[in-house]
Amino acid sequence: MPITKPKGTYDVLPTDSWKWNRLEVVIKKVCRLYNFKEIRTPIFESSELFHRTVGETSDMVTKETYDFLDRGGRSITLRPEGTAGVARSYIENKLYAEGNVQKLFYMGPIFRYERPQKGRTRQFSQFGVEALGSSSPLMDVEVIAFSVTALKALGLKGIKVRINSIGDEESRAKYREALVEYFSQYEEELCGDCKNRLAKNPLRILDCKVDNNKEFFQNAPKISDYLNEVSQNHFKQVLNALDEMNIKYEINPNLVRGLDYYCHTVFELEADIEGFGAQNVVGGGGRYDKLIGDLGGPQTPCVGMAFGVDRLLIAMESEGLLKNNNEYIHCYLIGLGEKARVVGERLLYTLRLGGLICDADYLNKGLKGQFKQADRFNAKFTAILGDTELENFVINIKNNETDEQETIPMNDLYKYIINYLQSKTASPCSTCSKKEGE
Ligand code: HAM
């Protein structure tokens with residue numbers, strides 16, 4: 146029996162990997178616009194990190210982590226999200242010592258042991274940003290604006306920003322009391338998980354996918370009635386700035402998010418796409434002012450968000466934004482005969498050193514087969530080298546855009562292609578980055 150991939154995982158095949166690359170290029174450009182710099186942290190961390198950050202009562206830590214003991218007996222967890230690792234690294238590498246706001250981004254695999262379905266897998270990818278060191282409401286706005294800009298840059302429409310404030314600790318303590326009092330009346334009707342949440346983390350009840358359609362849910366106390374002045378002010382300033390920027394949002398008083406570290410602003414980005422089902426949240430984030438302090442670092446107010454890359458791609462696919470793969474090569478070299486193939490390999494080596502994308506045949510195909518392959522690779526030029534050309538130190542070159550064909554000195558091949566590319570645009574490099582990144 147051949148070995149198959151683990152449940153809840155998938156392979157990104159060469160026919161699809163260009164979509165991932167394109168998305169990555171676009172979002173990284175938006176990171177540049179906002180001056181977020183890349184950080185790369187391990188995909189596994191000590192288990193304790195996630196218990197202390199994401200929360201002992203969150204579904205993510207209690208039910209969804211991939212935990213194992215390594216060969217040295219250490220308890221290790223595959224990261225179920227990216228923020229905790231960034232926070233750990235910020236403290237460990239004393240990034241706070243610079244005295245500036247650290248605006249960071251990351252992309253990579255995330256692991257959650259969830260029930261797989263469309264848009265929900267056990268290994269998926271997040272693209273996230275974290276701004277560490279500012280308590281300004283405008284920092285929250287910057288992160289939301291980044292998310293909206295990224296979605297626009299990807300060409301996605303029909304995205305809704307849902308926003309809420311879960312206030313500071315004082316406000317949440319009062320709200321928690323009110324929720325316990327309210328939901329205790331309906332304890333019998335709550336699902337098993339929510340019965341537990343009632344004692345441990347009543348806010349999480351609002352996030353319940355089982356209970357949230359029940360009638361008593363609609364009349365539950367709203368956090369907005371429990372926000373103290375500081376929290377109200379923070380939220381007001383966030384909303385005012387979003388209004389000023391004409392960024393549309395919907396306030397959702399039941400939005401609390403599934404991780405324990407949040408305070409004040411929380412938000413999610415929802416794709417309004419038919420057939421997308423429950424997995425239509427393409428990103429989410431919020432403020433987390435206590436996390437760095439709780440992990441032993443200096444008190445550092447932070448705000449961040451993460452996109453689910455897989456879901457963004459599903460959304461782009463449904464909006465028809467991933468139809469054209471513009472990948473191409475500059476030159477496909479057809480070698481006729483053994484000697485021509487060897488000399489051809491040398492020519493390609495030179496072209497590649499000069500930055501041209503090239504390929505050739507390594508299956509001893511005939512002339513027709515090689516022309517077909519050049520077509521498949523979307524080659525701008527096909528260079529043909531046979532015995533006659535070898536004898537005369539020339540090469541036959543066909544421009545596949547104009548269908549013009551001519552024979553040129555072999556050593557002029559690079560110059561010939563470059564001159565043509567430069568006559569059409571700027572340098573070959575800007576040609577590739579433009580076409581591949583579009
Ligand atoms: P999160 O909402 O748990 O937030 O995840 C962010 C995004 O990851 C979700 O909106 C969703 O698009 C995607 N996602 C979550 N689970 C899956 C899954 N099983 N399969 C596919 N996609 C999934 C966080 O992780 C926070 N760390 C975000 C953040 C950054 N908050 C502050 N800074």
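At the far end of the sequence shown sits residue 583, using this note's numbering, and the numbering has no gaps. We put the beta carbon where it would ideally sit given N, CA and C, even for glycine.
Rounded distance between the beta-carbons of residue j and residue i, thought under 8 angstroms
i, j, result
"residue 424", "residue 264", "3 angstroms"
"residue 383", "residue 282", "5 angstroms"
"residue 268", "residue 430", "In fact, because the Cβ distance is near 21 angstroms, the residues do not count as touching under 8 angstroms."
"residue 259", "residue 209", "6 angstroms"
"residue 325", "residue 343", "6 angstroms"
"residue 472", "residue 163", "6 angstroms"
"residue 305", "residue 389", "Wrong, their Cβ atoms sit about 19 angstroms apart, outside the cutoff."
"residue 376", "residue 316", "5 angstroms"
"residue 381", "residue 408", "About 16 angstroms; that fails the 8 angstroms criterion."
"residue 442", "residue 236", "4 angstroms"
Any non-hydrogen atom of the ligand HAM within 8 angstroms of residue i CB
i, result
"residue 275", "yes"
"residue 255", "yes"
"residue 293", "no"
"residue 451", "yes"
"residue 382", "no"
"residue 136", "For residue 136 there is no data in the structure shown, the boundaries of the chain being 146 and 583."
"residue 352", "no"
"residue 284", "no"
"residue 278", "no"
"residue 269", "yes"
"residue 456", "yes"
"residue 401", "no"
"residue 201", "no"
"residue 207", "no"
"residue 430", "yes"
"residue 448", "yes"
"residue 334", "no"
"residue 169", "no"
"residue 433", "yes"
"residue 530", "no"
"residue 246", "no"
"residue 227", "yes"
"residue 210", "no"
"residue 306", "no"
"residue 424", "yes"
"residue 427", "yes"
"residue 462", "no"
"residue 442", "no"
"residue 266", "yes"
"residue 413", "yes"
"residue 259", "yes"
"residue 223", "no"
"residue 404", "yes"
Pair within 9 angstroms by beta-carbon distance, residue i and residue j
i, j, result
"residue 537", "residue 530", "no"
"residue 284", "residue 276", "yes"
"residue 307", "residue 397", "yes"
"residue 503", "residue 478", "yes"
"residue 252", "residue 454", "yes"
"residue 266", "residue 227", "no"
"residue 411", "residue 474", "no"
"residue 291", "residue 175", "yes"
"residue 403", "residue 270", "no"
"residue 392", "residue 459", "no"
"residue 155", "residue 445", "no"
"residue 299", "residue 178", "no"
"residue 198", "residue 406", "yes"
"residue 387", "residue 286", "yes"
"residue 545", "residue 526", "yes"
"residue 246", "residue 279", "yes"
"residue 301", "residue 467", "no"
"residue 181", "residue 229", "no"
"residue 547", "residue 534", "no"
"residue 399", "residue 357", "yes"
"residue 427", "residue 414", "yes"
Within-9 angstroms CB hit, residue i to chain C
i, result
"residue 178", "Reference to chain C is not applicable here, since this structure consists of a single protein chain."
Measuring CB atoms only, is the region 266 to 280 touching the region 450 to 459, in the sense that at least three cross pairs come out at less than 8 angstroms? yes
Looking at C-beta atoms only, is the number of pairs between the region 219 to 238 and the region 191 to 207 that lie closer than 8 angstroms three or more? yes
Just to confirm the assignment: which complete beta strand (DSSP E) runs, minimum length 3, are found wholly within the region 295 to 347? 304 to 310
Determine contact between the region 309 to 321 and the region 340 to 353, defined as no fewer than three beta-carbon pairs at a distance below 8 angstroms. yes
At which residue ranges does the region 450 to 480 contain complete alpha helix (DSSP H) runs of 4 or more residues, listed in the order of the chain? 454 to 463
Within the region 205 to 252, note down every full alpha helix (DSSP H) run reaching 4 residues or more, in order along the chain. 228 to 237
For the region 498 to 518 against the region 559 to 567, do three or more pairs of beta-carbon atoms, one drawn from each stretch, fall closer than 8 angstroms, so that the two count as touching? Yes, the region 498 to 518 is in contact with the region 559 to 567.
Identify every run of the beta strand (DSSP E) within the region 487 to 546, keeping only runs that are complete inside it and at least 3 residues long; order them along the chain. 503 to 505, 524 to 530, 539 to 544
Enumerate, from N- to C-terminal direction, the unbroken alpha helix (DSSP H) stretches of 4 or more residues contained entirely within the region 394 to 446. 436 to 439
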